[in-house]
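Numbered according to the working numbering, the sequence shown spans residues 1227 to 1562.
Cβ atoms here follow ideal geometry from the backbone N, Cα and C, with glycine treated the same way.
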Amino acid sequence: MKSAIYTEGNKFEETIFELEEDLELKIVENSKLLFGKKTIYFDIKNKIDTKSLGATIPDGFLFDFRDKEAPEFYLVENELAKHDFYKHIFPQITKFFAFFKNPKSRDNLIEKLFSFIKSNAKIEEEFKKYLGNKEIYRTLKEIIENSQNILIVIDENKPEFDEVMETYTDTWDKMVRIEIFKEYKAGNKSIFTLNPDFEDIGFIEPSYKDEVEEKYTESFHLDGTEEKVKRIYQKIKEEMLKINSSLIFNPQKYYISIRDKKNFAYFHIKRKKVKITLMLPYEKGVEKIKNHRLRKYTEGIERFYGGNSFEITIEEEKNLSEVIDLILESYQKQKD
C-alpha cells in the first residue's frame, strides 16, 4: 500500500519502483546525501567480469571514511521487495560471502578497484583527500581485508531478513546490513527516507533480539580474528575481573559490553584490532591515553550510548595498562 507525506501544503506520494535500475539510479545520484559526505560510492559493474566476485557482481561499492584511520567497506546490493527472497536475493548474497572468504577473489577485486580509481581523476582525488600520503593500492587491500560488510538497500522490508539472520549468525547476522529506502514526490520535488539512518547502521539491535540473545557469545565476536586480538580482549577481561569478579561481559550483536549496574564499556572486535567505547568525556581520553588512537564521537553516536563517550583503538598488546586504568575510571563513574 502506498504511503504519503504531507508537508507545507504539499502531498508527497510514494514512488513505486518498477525496475531495480530505477532505484539504483536514485542511490547513485544521492549517495552523499544518503550515506554521508565522507563516503565514496561508485558502480563499475560494466568494468568487472563475474569471475572476480564469485559469479555475481554487486550494484555498487561503498567506502565510509567517517573514521579515516579505520574506514568501512561495503558491497552494495540494491533490491526490490517484490523479488523472491530465496530464488533471487538469498543466492546473490550467499555468493558475496564466498567472495569475502576467497583471498584470490579479494585480490582480483582490489586490482579492478585500483585500476578504476587510477583511471578516474575525480575519484582518485577523493581517495587522496582521506588517505593523505598513504598508498592507494595498499590501503584498499587493508580496508577490504579488515572490513567486510554487505549493504542491502531495498524499498520495503522482508520478513525473511530476520529469519536468515536468526539462522545464519556467522554470515547474514554478522556481515549484512539492511537499509529501507523510499522516495516521495510532489511535482519535481523529492523527499527521501532511509531507515535506519546510515550513521546509526552499526548500532541497531535486531528485532528478534530476545529470542536469540544466547546466540551472541564471545566466540561470535572473536572467531576469525588474529591471535593478538584475542589476547588483548582476554587480558583486559582478566584484569577487570580481578577488580570485581561479578562484572558481566555481555555479548550482543555489534559489541561486547562490560556491565555492573549498567554498561560502562563496549568492545567492538575487528579482525586485527579492538575498539573500546568508554562512557567518559573525550577530553578524559586525551588526558590519559598516550599510546593508542582516540576517536571523538559525533552527537548522534553519543546519543546512542546515552551520554559522553569516545573510542579507543588498540592494535598492539603493549601499553594496555593505561586503557585498563581508564576502563576502571568509567566503571567507578557508573557506580556513583
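Proximity winner among the options, relative to residue i (alpha-carbon distances)
{"i": "Asn-1304", "options": "Glu-1246, Lys-1271 and Lys-1327", "result": "Glu-1246"}
{"i": "Thr-1397", "options": "Ala-1230, Phe-1323, Ser-1472 and Lys-1228", "result": "Phe-1323"}
{"i": "Arg-1529", "options": "Ala-1230, Ser-1416, Ile-1540 and Asp-1426", "result": "Asp-1426"}
{"i": "Glu-1361", "options": "Lys-1454, Phe-1268 and Ile-1343", "result": "Ile-1343"}
{"i": "Leu-1207", "options": "Ile-1527, Gln-1558, Arg-1519 and Ile-1380", "result": "Only positions 1227 to 1562 of the chain appear in this structure, which leaves residue 1207 out of reach."}
{"i": "Thr-1524", "options": "Asp-1293, Val-1254 and Ala-1230", "result": "Asp-1293"}
{"i": "Lys-1516", "options": "Thr-1539, Lys-1313 and Glu-1389", "result": "Thr-1539"}
{"i": "Tyr-1356", "options": "Phe-1340, Lys-1271, Ile-1283 and Thr-1265", "result": "Thr-1265"}
{"i": "Ile-1469", "options": "Ile-1484, Asn-1476 and Pro-1477", "result": "Ile-1484"}
{"i": "Asp-1449", "options": "Glu-1465, Asp-1423, Leu-1467 and Thr-1395", "result": "Thr-1395"}
{"i": "Gln-1558", "options": "Ala-1491, Thr-1451 and Gly-1413", "result": "Ala-1491"}
{"i": "Asp-1388", "options": "Phe-1311, Lys-1271 and Tyr-1267", "result": "Phe-1311"}
{"i": "Glu-1386", "options": "Glu-1234, Lys-1313 and Tyr-1267", "result": "Lys-1313"}
{"i": "Ile-1527", "options": "Glu-1509, Asn-1476, Lys-1514 and Phe-1424", "result": "Phe-1424"}
{"i": "Ile-1319", "options": "Glu-1555, Ser-1345 and Val-1402", "result": "Val-1402"}
{"i": "Met-1466", "options": "Lys-1514, Glu-1513 and Ser-1556", "result": "Ser-1556"}
{"i": "Glu-1337", "options": "Pro-1422, Glu-1453, Ser-1345 and Tyr-1363", "result": "Tyr-1363"}
{"i": "Glu-1452", "options": "Gly-1358, Ser-1345 and Asn-1372", "result": "Asn-1372"}
{"i": "Gly-1235", "options": "Ser-1472, Gly-1413, Gln-1374 and Lys-1348", "result": "Gly-1413"}
{"i": "Lys-1514", "options": "Ser-1341, Leu-1554 and Ala-1347", "result": "Leu-1554"}
{"i": "Lys-1348", "options": "Thr-1419, Tyr-1267 and Phe-1493", "result": "Tyr-1267"}
{"i": "Gln-1374", "options": "Phe-1287, Ile-1315 and Ser-1345", "result": "Phe-1287"}
With 16 other Cβ atoms within 10 Å as the buried cut-off, status of residue i
{"i": "Glu-1437", "result": "At Glu-1437, the pLDDT of 48 sits below 50, so the modelled position is not reliable; the number obtained from the coordinates is stated separately. That one is exposed."}
{"i": "Arg-1521", "result": "buried"}
{"i": "Ala-1296", "result": "buried"}
{"i": "Lys-1252", "result": "buried"}
{"i": "Val-1455", "result": "buried"}
{"i": "Leu-1301", "result": "buried"}
{"i": "Gly-1511", "result": "buried"}
{"i": "Leu-1339", "result": "buried"}
{"i": "Glu-1244", "result": "exposed"}
{"i": "Ile-1474", "result": "exposed"}
{"i": "Pro-1317", "result": "exposed"}
{"i": "Lys-1435", "result": "Its pLDDT being 48, under 50, Lys-1435 is placed unreliably by the model, and nothing is read from it."}
{"i": "Thr-1233", "result": "exposed"}
Check whether residue i and residue j have beta carbons under 8 Å apart
{"i": "Ile-1495", "j": "His-1447", "result": "yes"}
{"i": "Glu-1250", "j": "Lys-1411", "result": "no"}
{"i": "Glu-1537", "j": "Ile-1482", "result": "no"}
{"i": "Asp-1269", "j": "Asp-1248", "result": "no"}
{"i": "Ile-1242", "j": "Lys-1228", "result": "yes"}
{"i": "Phe-1299", "j": "Phe-1291", "result": "no"}
{"i": "Lys-1321", "j": "Thr-1282", "result": "yes"}
{"i": "Ile-1417", "j": "Ile-1231", "result": "yes"}
{"i": "Asp-1381", "j": "Met-1391", "result": "no"}
Presumed contact (8 Å Cβ cut-off) between residue i and residue j, rounded CB distance
{"i": "Ala-1307", "j": "Lys-1384", "result": "6 Å"}
{"i": "Lys-1479", "j": "Tyr-1442", "result": "6 Å"}
{"i": "Asp-1486", "j": "Lys-1544", "result": "No, Asp-1486 and Lys-1544 are not in contact; Cβ-Cβ is about 28 Å, not under 8 Å."}
{"i": "Lys-1488", "j": "Glu-1541", "result": "The pair is not a contact, with the Cβ atoms about 28 Å apart (cut-off 8 Å)."}
Check your understanding: Does the segment 1455-1474 come within contact of the segment 1544-1560, defined as at least 3 CB pairs closer than 8 Å?
Key -> Contact check between the segment 1455-1474 and the segment 1544-1560: three or more CB pairs, one atom from each, fall below 8 Å, which counts as touching.
Practice item. Taking 8 Å as the threshold, find out whether the segment 1313-1329 comes into contact with the segment 1246-1259 through three or more Cβ pairs. Key: Output reads no: the segment 1246-1259 does not touch the segment 1313-1329.
Review point. Do the segment 1356-1372 and the segment 1330-1343 make contact, defined as three or more Cβ pairs closer than 8 Å?
Key: Short answer: they touch.
Check your understanding: For the segment 1349-1362 against the segment 1388-1406, are there 3 or more C-beta pairs whose distance is under 8 Å?
Key -> When Cβ pairs closer than 8 Å are counted between the two stretches, the segment 1349-1362 is seen not to touch the segment 1388-1406, the count staying below three.
Point to revise | Cβ contact check for the segment 1495-1505 and the segment 1526-1537: 3 or more pairs under 8 Å | key: Short answer: they touch.
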